[in-house]
Structures are given as structure tokens and as C-alpha cells.
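So the structure is just underneath, and the comments pick up after that.
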């Protein structure tokens, strides 16, 4: 079946102290994992799943550094 997934996983490549934050929900929307790590950690977690639908968050454009500009704060 096209959407026969055991988990629904969201990956945020810019959150927290570590470069990647990822969360996994089961088919009943129960949180089964919430982790932070390097890209290798996220890939190892994803690769260990039997079936999953994965969504990756990304900014709409590169960081422009606006909060570093005193006149804009």
C-alpha cells in the first residue's frame, strides 16, 4: 500500500544545540521518539525504521543575519 507506514517522522535540520532535531509519531499520533543529534544520528534513526513517512523542515531562504543588525532589533 502507498501509505503503509509504521511511523511519521519530522526532521528539523536547524533546531536546538545540535544541528538536527527529529520526532517520530506512531499511527495513533503518540510520540515515540524526540531526539537531537548530528546528521549521522538522524540518518541512523531513519535507516533503522521498517517503514516511515518523513518530512524535512527547511527555511524558505538562507539566514540573512537580520538579528545581528542593531538598527533592526
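Residue numbers (the working numbering): 468 to 540. For each residue, glycine too, the CB sits at the ideal point set by N, CA and C.
Counting only residues of its own chain and dropping the five nearest sequence neighbours on each side, residue 521 has a CB closer than 7 Å to the CB of 476, 478, 513. About 13 Å separates the Cβ atoms of residue 523 and residue 486, ruling out a contact at the 8 Å cut-off.
Apart from sequence neighbours up to five positions away, the residues of its chain that approach residue 516 with a beta-carbon distance below 6 Å are 474, ordered along the chain. Per the coordinates, the alpha-carbon of residue 493 lies some 33 Å from the alpha-carbon of residue 530. Between residue 500 and residue 491, the gap from beta carbon to beta carbon is short of 8 Å.
Contact annotation, residue 509 with residue 489: C-beta distance approximately 5 Å; criterion of less than 8 Å satisfied. Distance from the CA of residue 498 to the CA of residue 527, rounded to the nearest whole angstrom, comes to 27 Å.
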